[in-house]
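Asker:
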Amino acid sequence: MQSTLHILNGDSSLYLLTKSGISGDTAVWREVLSDGPVLNSFGTDEFWRTREAFITSFTQTSSSDYEEKVIDEFKKIQNFKTYNEVVLWFEYDLFCQVNLIALLHWFKQHERGDVKISLVCVGLFNGYKKLMGLGELPAEMYPSLFEQRRILGRNDFNFASDAYQAFCSNDPRDLENFTLLPSNEFPYLAKALQAHLMRFPSTESGLTLIEQKIIEFIKSGKDTERTLIGALLQWQEYYGFGDLQYINYLHRLSVILNVNQTITIKKNYRSAQIDRNYFLGGALVSEWEWNEEDQGLKPKPLN
Numbered sequence: 035m036q037s038t039l040h041i042l043n044g045d046s047s048l049y050l051l052t053k054s055g056i057s058g059d060t061a062v063w064r065e066v067l068s069d070g071p072v073l074n075s076f077g078t079d080e081f082w083r084t085r086e087a088f089i090t091s092f093t094q095t096s097s098s099d100y101e102e103k104v105i106d107e108f109k110k111i112q113n114f115k116t117y118n119e120v121v122l123w124f125e126y127d128l129f130c131q132v133n134l135i136a137l138l139h140w141f142k143q144h145e146r147g148d149v150k151i152s153l154v155c156v157g158l159f160n161g162y163k164k165l166m167g168l169g170e171l172p173a174e175m176y177p178s179l180f181e182q183r184r185i186l187g188r189n190d191f192n193f194a195s196d197a198y199q200a201f202c203s204n205d206p207r208d209l210e211n212f213t214l215l216p217s218n219e220f221p222y223l224a225k226a227l228q229a230h231l232m233r234f235p236s237t238e239s240g241l242t243l244i245e246q247k248i249i250e251f252i253k254s255g256k257d258t259e260r261t262l263i264g265a266l267l268q269w270q271e272y273y274g275f276g277d278l279q280y281i282n283y284l285h286r287l288s289v290i291l292n293v294n295q296t297i298t299i300k301k302n303y304r305s306a307q308i309d310r311n312y313f314l315g316g317a318l319v320s321e322w323e324w325n326e327e328d329q330g331l332k333p334k335p336l337n
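To convert, note that position 156 of the sequence shown is 190 in our numbering; the numbers rise steadily by one, no gaps.
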């Protein structure tokens, strides 16, 4: 039996883990479950078809790229019983937290026998003013992170599985309990899911939190794609998105923005013009709105 399988949250942490000298095999979990439709039946053929259709339309990823970068890596994870231990390396943001609870939901469905499943999840560190991701930390810190990893038990798998199933629900209010009851074992999940719920349009402005920030930044002079996306990457705390996701936000806002060399806001725009016919997890965004006063979701009234 081989010793350890490390499941990394991205290629930068894979590079740093390799550089750190920690031994073991590796798999990189490159899915983006924080965006697009996500099914409860994680890992099934239907699940992969749904995700591949979304990713290949959402990005410039081809079906063969998706097969190589996502499904082939997941096949390594499916062989976890050949190891003594599986170590999950994730971080505080929404991107990572959804990917993490999805994997733990999948592990819960499988007989694990004597295989230990452990977790390294980073965010807050003494000496750093902001939350830190794995890709921002020096490789020299990885051995101590590895030594401090937490062995996961039944309650952890149950909690993560319940959270994932709530994320996949067609009623996103199912997630609100997980934002109100912070978990000592998953200390970053509540705030990440709160940030997720604020991606639904506001009852006041008709815009999501991210869209509101885009409008604010443009008005403040961040009016080129480079400066605007740079500002969003600096602003985001719990999203963990990359350039491509914010570029897609700009495309979605093309009905209210003129996106040229300089980005301008169209006069007399109406947020109702924005197409909301898309999914976040199991919820269709057009059916829900974020109530600013109650700080919660409610069904969007039928016109």
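C-beta: ideal position from N, C-alpha, C; glycine also.
1) Would you call the CB atoms of Lys142 and Asn192 closer than 9 Å?
2) Do Ile135 and Ala61 come within 9 Å of each other at the CB atom, strictly closer than that value?
3) Any idea what DSSP makes of Leu209, helix, strand or coil?
4) Can you check which of these residues, Ser91, Lys301, Met166, is closest to Gly274 by C-alpha distance?
5) For Ser239, which residues from the same chain have a beta carbon less than 7 Å from its beta carbon, with the 5 sequence-adjacent residues on both sides left out?
6) Using only CA atoms, which one of Gln279, Gly161, Trp123 lies nearest to Cys155?
7) Between Gln131 and Tyr222, which are expected to be in contact by the criterion C-beta below 8 Å, what is the C-beta distance as a whole number of angstroms?
8) State whether the segment 327-334 contacts the segment 254-270, with contact taken as three or more CB pairs (one from each stretch) at a distance under 8 Å.
9) So within the segment 152-180, which uninterrupted beta strand (DSSP E) runs reach at least 3 residues, ignoring any that extend past its ends?
10) May I ask you to list the residues that DSSP assigns as paired with Asn339?
11) DSSP three-state call for Trp123: helix, strand or coil?
12) Rounded to the nearest angstrom, what separates Pro206 and Asp79 at their Cα positions?
13) Three or more C-beta pairs closer than 8 Å, one from the segment 94-113 and one from the segment 62-76: is that the case here?
14) Taking just the CA atoms, how far does Leu278 sit from Gln295?
Answerer: Once the coordinates are examined:
1) yes
2) Going by C-beta atoms, Ala61 is not nearer than 9 Å to Ile135.
3) helix
4) For the residues Ser91, Lys301, Met166, the minimum Cα distance to Gly274 belongs to Met166.
5) Gln246, Ser305
6) Trp123
7) 6 Å
8) no
9) none
10) Since the displayed the chain opens at 35 and closes at 337, residue 339 lies outside it and no answer follows.
11) strand
12) 24 Å
13) Enough Cβ pairs lie closer than 8 Å, so yes.
14) Rounded to the nearest angstrom, the two C-alpha atoms are 17 Å apart.
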